[in-house]
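Written below as structure tokens is the structure these notes are about.
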Amino acid sequence: MAHKEVVLRTKDLKAHYVLDVPGGKKIVKAVDGVDLEIRRNEIYGIAGESGCGKSTLMKTLYGLVNRPLRLINGSVYYSKDGGAFDVFSLRKPELRRLRWTYMAYVPQGAMSIFNPVIKLKDTYSDFLGSHLRGKTEDEMFAIAKEHIDQLGLPVSILDAYPHQLSGGMRQRVAIALAALLRPSVIFADEPTTALDVVVQRGVVQLLKDIQMSLHNTIILVTHDMGIHANVADRLGIMYAGKIIEEAATVEIFKNPLHPYTQFLIDSLPQFGDTGERASAPGQPPSLADLPTGCAFHPRCPKAMPICKVEAPDMTVKGEHRVACWLWDEGGVA
Amino acid sequence: MKPILEAKDLTKVFFRGSLLARDRIVAVDNVSFTMNRGEIFTLAGESGCGKTTVARMILGFEEPTSGEIVYENEQERKDKEKVWFSQRIQAVFQNPFETFNPLRKVEGYLFETVRNYQLAQNRADAVELIDQKLAAVGLSYQEVEGRYPSEFSGGQLQRISIARALLIDPSLLIADEPVSMVDASIRMSIVNLFRRLRDELNMGILYITHDLATAYYLSGQIAIMFRGNIMEMGPVQEVLMNPRHPYTQLLRESIPEADPDRKWQGRISIAETEQEEYLRQGCKFAGRCPKVMEICKNQVPDTVLVDGIHVKCHLYKGTASEVEGVRAKPV
Chain A
1 MAHKEVVLRT KDLKAHYVLD VPGGKKIVKA VDGVDLEIRR NEIYGIAGES GCGKSTLMKT
61 LYGLVNRPLR LINGSVYYSK DGGAFDVFSL RKPELRRLRW TYMAYVPQGA MSIFNPVIKL
121 KDTYSDFLGS HLRGKTEDEM FAIAKEHIDQ LGLPVSILDA YPHQLSGGMR QRVAIALAAL
181 LRPSVIFADE PTTALDVVVQ RGVVQLLKDI QMSLHNTIIL VTHDMGIHAN VADRLGIMYA
241 GKIIEEAATV EIFKNPLHPY TQFLIDSLPQ FGDTGERASA PGQPPSLADL PTGCAFHPRC
301 PKAMPICKVE APDMTVKGEH RVACWLWDEG GVA
Chain B
1001 MKPILEAKDL TKVFFRGSLL ARDRIVAVDN VSFTMNRGEI FTLAGESGCG KTTVARMILG
1061 FEEPTSGEIV YENEQERKDK EKVWFSQRIQ AVFQNPFETF NPLRKVEGYL FETVRNYQLA
1121 QNRADAVELI DQKLAAVGLS YQEVEGRYPS EFSGGQLQRI SIARALLIDP SLLIADEPVS
1181 MVDASIRMSI VNLFRRLRDE LNMGILYITH DLATAYYLSG QIAIMFRGNI MEMGPVQEVL
1241 MNPRHPYTQL LRESIPEADP DRKWQGRISI AETEQEEYLR QGCKFAGRCP KVMEICKNQV
1301 PDTVLVDGIH VKCHLYKGTA SEVEGVRAKP V
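Respectively, the protein sequence lines represent chains A and B. Here the first sequence stands for residues 1 to 333, where the numbers follow the working numbering. Here the second sequence stands for residues 1001 to 1331, where the numbers follow the working numbering.
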């Protein structure tokens, strides 16, 4: 991609859940040292299993850090109008003004966000009414209609109650709502999970349409590597609160460097091949009780003595970054 | 060899809405299939296609509106001996976190099954039997003893619930979306477990899923359901690699492949409501079918045999022999 203007930058971002438990505190290291540079005009995918911290990373990037989640280290810089701002230095009203207009967040299970007792057009006018001043009901309805139509969704849904729509259509309306005010950055957390394959394809189609028409940035979190292969321009693989590998999507699938990424890709069954597929041994670690050194070492077939002691730093190979001792300068690779 | 399970013209009708304006939803519409021992049979389709209703009828949770289910030993089922029936058929469900009561130790479920079926004389025998079944799923009694569901991962819990089902040596295991809540890296360990159960214990497994990739990997026969109807049925190799029904073709194309060189091509439309498709006259898929013809909109297609594959589509009318006894009734 020609465009390399960075829209979101983090450095050593750490956000932990600090829980009071009998006899002390329990610390869940959900985001534990994440460096990201996400660009304008791209779909950036974040992949990882449940419990690896990817939803918490989303919330932190969006500035939604509420107790028991606490920001431990780092900042989240967004570029806007030639300058940059740190999402954690903003006061609440400033942050509220930016939400939905500059950045929007589609949480997991977004299809159940709608008020079940009002029609969708009322949800739309509620939403528009709280973000745009001085519009009449009719003007707002016209905006909603035009928006729905542009995205290729049937305009008749505005007259429906949420329960009358299929799950896939509700999910698409929720995503469309997030794009209504043309935000520069959209976070989508597991937007295709729990949907059927045909509906997944519809949701992905919509995300791509939105990105193409707004030329903005979409950050897509899902555990489904098939979805990432289809939409993401670049891909970050998350494991135990850290990004352990990052590269262009094609590069990740063609040339995965981290043993965990290799497992993620190799364990997927492929059509036309019924040969036995291996799965990664063991379980993902608990974020409250991480192994020493590299968090993947207890499951890693290539673990070396150093992996148990010290966590590897990112090794940068052009556009491909990987955190693994195998690829560290002076490693055996 | 006698089939382990035979569903004949299975139909289930639900009513929705108020007394005056109610919709008649045919959740399962004349579904017929046969399963043999040592076979994994997949019932695949999107949510709301009726596949779970079929499973519930087989398990006896739901009474069919019409049609019948014939088990390996038909006579005993007719005597309403549900005890016999449950001794031979076991089920594993979708969400392992909902299967177990969070306040109860996991081992309690295993001992309860042993007690209910009087599988052991004393506690030592029971522990031995439980340990043996847990070993079959890659766990041990030591790992499970005294622990609560929250101390296990979803994959482990799912394997424990499979071990519980194995306690009574079932001849048929019904697995309703057993891996959809389990993480990718663990998923294959469960899927591989099903393959082992089939090969080593000669167990029949009814695998209900929307995930065609694991269906392909696991099963022999597959039936593709859509809005209550079996649209296509046959050997998995044929149905998924060379789909004949336009709906199967759409499903097959829509599976996201983990290969950035093979992205989705073309655009699709999806239904506004599920009800609209259930209430449709003619072929239920007509509203979204790329090959729709005039006849599809008002006449329900018959199921025809094309090269040994059952296909319910007007496109194949006249090109093949119609299947006796599975002609669809007009709704």
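Glycine included, each C-beta is placed from N, C-alpha and C at the ideal position.
Whose C-alpha, out of B:N1192, B:D1029, B:Y1207, B:P1243, is nearest the C-alpha of R1066 (chain B)?
Counted from its first residue, the second sequence places residue 1066 (chain B) at position 66. Residue identity check: residue 1066 (chain B) is Ser in the sequence provided, not Arg. Here the closest residue by C-alpha is B:D1029.
Just by C-beta distance, which residues in the region 1252-1271 of chain B are closer than 9 Å to chain A?
The residues in question are R1252, E1253, S1254, I1255, P1256, E1257, A1258, D1259, P1260, D1261, R1262, K1263, W1264, R1267, I1268, S1269, I1270, A1271.
Around the Cβ of A1007 (chain B), are there at least 16 other Cβ atoms within 10 angstroms (buried) or fewer (exposed)?
As a working note, residue 1007 (chain B) is residue 7 in the second sequence. A buried status is given to A1007 (chain B), since no fewer than 16 other beta-carbon atoms sit within 10 Å of its beta-carbon.
Whose CA, out of B:L1119, B:Y1148, B:P1178, B:F1152, lies closest to the CA of A1055 (chain B)?
For the purposes of this step, residue 1055 (chain B) is taken as the residue at position 55 of the second sequence. In terms of CA proximity to A1055 (chain B), B:P1178 leads the group B:L1119, B:Y1148, B:P1178, B:F1152.
N-terminal and C-terminal residue of the alpha helix (DSSP H) that Q1299 (chain B) is part of
Within the second sequence, the letter at position 299 stands for residue 1299 (chain B). Run containing Q1299 (chain B): none; DSSP gives neither H nor E here.
Could you have a look at M1225 (chain B) and say whether DSSP puts it in helix, strand or coil?
Taking the second sequence and counting its residues from 1, one reaches residue 1225 (chain B) at position 225. Correct three-state label for M1225 (chain B): strand.
Beta strand (DSSP E) containing F1014 (chain B): first to last residue?
Walking along the second sequence from the start, residue 1014 (chain B) turns up at place 14. For F1014 (chain B), the enclosing beta strand (DSSP E) covers residues 1005-1017.
For the putative contact between L1110 (chain B) and R1164 (chain B), defined by C-beta atoms under 8 Å, what is the C-beta separation to the nearest angstrom?
Taking the first residue of the second sequence as 1, we reach residue 1110 (chain B) at position 110. Taking the first residue of the second sequence as 1, we reach residue 1164 (chain B) at position 164. Between R1164 (chain B) and L1110 (chain B) the Cβ distance is about 6 Å, and since that is below 8 Å, they are a contact.
Whose CA, out of A:N255, A:V6, A:V197, A:K25, lies closest to the CA of G82 (chain A)?
As a position in the first sequence, residue 82 (chain A) is number 82, starting the count at 1. Selection A:N255, A:V6, A:V197, A:K25 evaluated against G82 (chain A) yields A:V6 as nearest (Cα-Cα).
By the three-class DSSP mapping on this structure, what secondary structure does Y1278 (chain B) have?
Numbered from 1 along the second sequence, position 278 holds the residue referred to as residue 1278 (chain B). DSSP places Y1278 (chain B) in helix when its eight states are reduced to three.
In the DSSP output, which residue or residues are listed as bridge partners for M1035 (chain B)?
Start at 1 with the first residue of the second sequence, and residue 1035 (chain B) comes out as number 35. In DSSP, M1035 (chain B) forms a bridge with B:L1005.
What number of angstroms, rounded off, separates the C-alpha of R321 (chain A) from the C-alpha of I244 (chain A)?
Along the first sequence, one-based indexing puts residue 321 (chain A) at 321. Along the first sequence, one-based indexing puts residue 244 (chain A) at 244. Rounded to the nearest angstrom, the two C-alpha atoms are 8 Å apart.
According to DSSP, residues forming a beta bridge with P1235 (chain B)
Translated into positions along the second sequence, residue 1235 (chain B) becomes position 235. Listed as beta-bridge partners of P1235 (chain B) by DSSP are B:Q1221.
Three CB pairs or more closer than 8 Å across the region 26-43 of chain A and the region 214-223 of chain A:
The region 26-43 of chain A, when compared against the region 214-223 of chain A, does touch it at the 8 Å Cβ threshold.
Nearest-angstrom Cα separation, counted from L19 (chain A) out to V1106 (chain B)
The residue you call residue 1106 (chain B) lines up with position 106 of the second sequence. The residue you call residue 19 (chain A) lines up with position 19 of the first sequence. Rounded to the nearest whole angstrom, the C-alpha separation of V1106 (chain B) and L19 (chain A) is 26 Å.
Assign R39 (chain A) to one of three DSSP states: helix, strand, or coil.
To locate residue 39 (chain A), count along the first sequence from 1; it is residue 39. Looking at R39 (chain A) - three-state DSSP - the assignment turns out to be strand.
Is there a Cβ from chain B that is less than 8 Å from the Cβ of D20 (chain A)?
Counting from 1 along the first sequence, the entry for residue 20 (chain A) is found at position 20. With a threshold of 8 Å between beta carbons, D20 (chain A) makes no contact with chain B.
Cβ of I1208 (chain B) within 8 Å of Cβ of L1173 (chain B)?
As a first step, residue 1208 (chain B) must be located in the second sequence, where it is residue number 208. As a first step, residue 1173 (chain B) must be located in the second sequence, where it is residue number 173. Not closer than 8 Å, so no.
Along the region 1097-1126 of chain B, what residues have a CB closer than 7 Å to any CB found in chain A?
Nothing from the region 1097-1126 of chain B brings a Cβ to less than 7 Å from some Cβ of chain A.
When the Cα atoms are used, what is the spatial distance from S1140 (chain B) to D1131 (chain B)?
Reading the second sequence from its first residue, position 140 is the one you call residue 1140 (chain B). Reading the second sequence from its first residue, position 131 is the one you call residue 1131 (chain B). If you take the alpha carbons of S1140 (chain B) and D1131 (chain B), they lie about 6 Å apart.
Mind listing the chain B neighbours of V250 (chain A)? Cutoff is C-beta to C-beta under 7 Å, in chain order.
Looking up residue 250 (chain A) in the first sequence gives position 250. Residues of chain B with a Cβ closer than 7 Å to the Cβ of V250 (chain A) are, in chain order, P1260.
Taking only the alpha-carbon atoms, compute the straight-line gap between F1097 (chain B) and V1144 (chain B) and give it to the nearest angstrom.
Start at 1 with the first residue of the second sequence, and residue 1097 (chain B) comes out as number 97. Start at 1 with the first residue of the second sequence, and residue 1144 (chain B) comes out as number 144. Going from the Cα of F1097 (chain B) to the Cα of V1144 (chain B) covers about 15 Å.
C-beta neighbour in chain A for L1240 (chain B), strict 8 Å:
Residue mapping note: residue 1240 (chain B) aligns to position 240 of the second sequence, counting from 1. Yes, its Cβ sits closer than 8 Å to a Cβ of chain A.
Three-state secondary structure (DSSP) at E319 (chain A)?
Along the first sequence, read from residue 1 onward, the residue named residue 319 (chain A) stands at position 319. Note: E319 (chain A) maps to coil in three-state DSSP.
Could you tell me which of B:Q1221, B:P1170, B:G1154, B:L1167 sits nearest to I1190 (chain B), measuring between CA atoms?
Counting from 1 along the second sequence, the entry for residue 1190 (chain B) is found at position 190. I1190 (chain B) has its Cα closest to that of B:G1154, out of B:Q1221, B:P1170, B:G1154, B:L1167.
Reducing DSSP to helix, strand and coil, say where N73 (chain A) ends up.
Against the first sequence, residue 73 (chain A) aligns to sequence position 73. Strand.
The region 1184-1197 of chain B: which residues have C-beta closer than 9 Å to a C-beta of chain A, in chain order?
Those residues of the region 1184-1197 of chain B that come within reach of chain A (Cβ to Cβ, closer than 9 Å) are A1184, S1185, I1186, R1187, M1188, S1189, I1190, V1191, N1192, R1195.
At a Cβ threshold of 8 Å, is Q205 (chain A) touching chain B?
Mapped onto the first sequence, residue 205 (chain A) falls at position 205. Closer than 8 Å to some Cβ of chain B, the Cβ of Q205 (chain A) qualifies, so yes.
Report the option in B:L1103, B:A1124, B:Y1117 whose CA atom is closest to the CA atom of R1147 (chain B).
Walking along the second sequence from the start, residue 1147 (chain B) turns up at place 147. Checking every option, the nearest Cα to that of R1147 (chain B) belongs to B:L1103.
Interface partners of G1155 (chain B) on chain A, CB under 8 Å
Here residue 1155 (chain B) is taken as the residue at index 155 of the second sequence, counted from 1. By Cβ distance, chain A contributes Q283.
Given this structure, state the Cα-to-Cα distance separating E1076 (chain B) from R1088 (chain B), to the nearest angstrom.
Counted from its first residue, the second sequence places residue 1076 (chain B) at position 76. Counted from its first residue, the second sequence places residue 1088 (chain B) at position 88. With a pLDDT of 47 at E1076 (chain B), under the threshold of 50, the modelled position of this residue cannot be trusted, and the question is left open.
Could you work out which residue in A:S267, A:T292, A:T10 is closest to D35 (chain A) when comparing CA atoms only?
Residue 35 (chain A) sits at position 35 when you count from the first residue of the first sequence. Residue A:T10 is the option with its Cα nearest to D35 (chain A).
Can you tell which of B:D1302, B:L1315, B:G1045 has its C-alpha closest to the C-alpha of V198 (chain A)?
Along the first sequence, one-based indexing puts residue 198 (chain A) at 198. Per the Cα distances, B:G1045.
Cross-chain neighbours of A229 (chain A) in chain B, by beta carbon under 9 Å
Indexing the first sequence from 1 puts residue 229 (chain A) at position 229. Simply P1256, E1257, A1258, D1259, P1260, D1261, R1262, K1263.
D1199 (chain B) by DSSP, collapsed to three states: which one?
Numbered from its first residue, the second sequence carries residue 1199 (chain B) at position 199. Collapsing the DSSP output to three states places D1199 (chain B) in a helix.
How far does the beta strand (DSSP E) with Y239 (chain A) in it reach, from first residue to last?
If you number the first sequence from 1, residue 239 (chain A) lands on position 239. 234-239 is the extent of the beta strand (DSSP E) around Y239 (chain A).
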